[in-house]
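**Student:**
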Amino acid sequence: IMSSEKRNELGVFFHMLYELNKGLRNLALLTTTEENRELIEERLEKCGYEWLTEELKSGYINIFFGTEDPINVLKKFKKNSLKDFTPEEDFILGILLGYNTNQQCKRYLTRKAG
2 IMSSEKRNEL
12 GVFFHMLYEL
22 NKGLRNLALL
32 TTTEENRELI
42 EERLEKCGYE
52 WLTEELKSGY
62 INIFFGTEDP
72 INVLKKFKKN
82 SLKDFTPEED
92 FILGILLGYN
102 TNQQCKRYLT
112 RKAG
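Using the numbering used here, the letters of the sequence shown correspond one by one to residues 2 to 115.
1) Are the stretch 31-47 and the stretch 71-91 touching by the rule of at least three beta carbon pairs closer than 8 Å?
2) Could you tell me the alpha carbon to alpha carbon distance between leucine 8 and glutamate 39, rounded to whole angstroms?
3) Just mark threonine 144 as buried or exposed, buried being the case when its beta carbon has 16 or more other beta carbons within 10 Å.
4) If we ignore side chains and look at the alpha-carbon of each, how far apart do leucine 30 and glutamate 10 end up?
5) Give me the Cα-Cα distance between tyrosine 1 and aspartate 85, rounded to the nearest whole angstrom.
6) Just to confirm my understanding: we take lysine 80, look at its own chain, exclude 5 residues before and 5 after, and list those with CB closer than 8 Å. What are they?
Right, dumping it as C-alpha cells:
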C-alpha cells in the first residue's frame with residue numbers, strides 16, 4: 002500500500018510532467034523520497050526528458066527534470082548541492098524553474114548584500 006505522502010508527491014510529479022508536455026515549463030524541481038526515484042526516472046526516460054538528482058541528508062532527493070538545454074545549464078554549474086549555488090546561479094535556476102521574476106530579483110539582491 003502506498004503512503005499518502007508518496008501518492009501526493011507522485012501527483013505533483015505527474016502534474017509537473019503534464020506542464021512539461023504542454024510546454025508550460027521547460028524545467029521542474031521535485032523534492033521527494035528515495036522510494037519514488039525509480040518510478041520517476043523510468044517515466045522521465047520513457048517521455049524523453051533529461052534529469053539530475055541531488056541526494057539530500059534528510060533521506061530525500063531533489064530531482065531536476067525537463068528539456069535538454071536547462072538541464073545542461075545546471076550541469077555547467079558543476080555543483081553537488083543547491084546550497085553551493087552562487088547568487089547568480091540561484092537566480093538563473095529560479096528563472097529557469099519559472100519562479101516569479103520580481104521575487105527572484107529580490108532574492109538575488111538580498112543574497113548579494115549578505
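Just so it is clear, CB atoms sit at the ideal spot from N, CA and C, and this is done for glycine as well.
**Tutor:** Taking the structure as given:
1) no
2) A small correction: the amino acid at residue 8 is arginine; leucine does not occupy that position in the sequence shown. About 14 Å.
3) Any question about residue 144 goes unanswered here, given that the chain covers just 2 to 115.
4) 12 Å
5) No statement about residue 1 is possible, as the shown extent of the chain runs from 2 to 115 and does not include it.
6) Phe86 and Glu90
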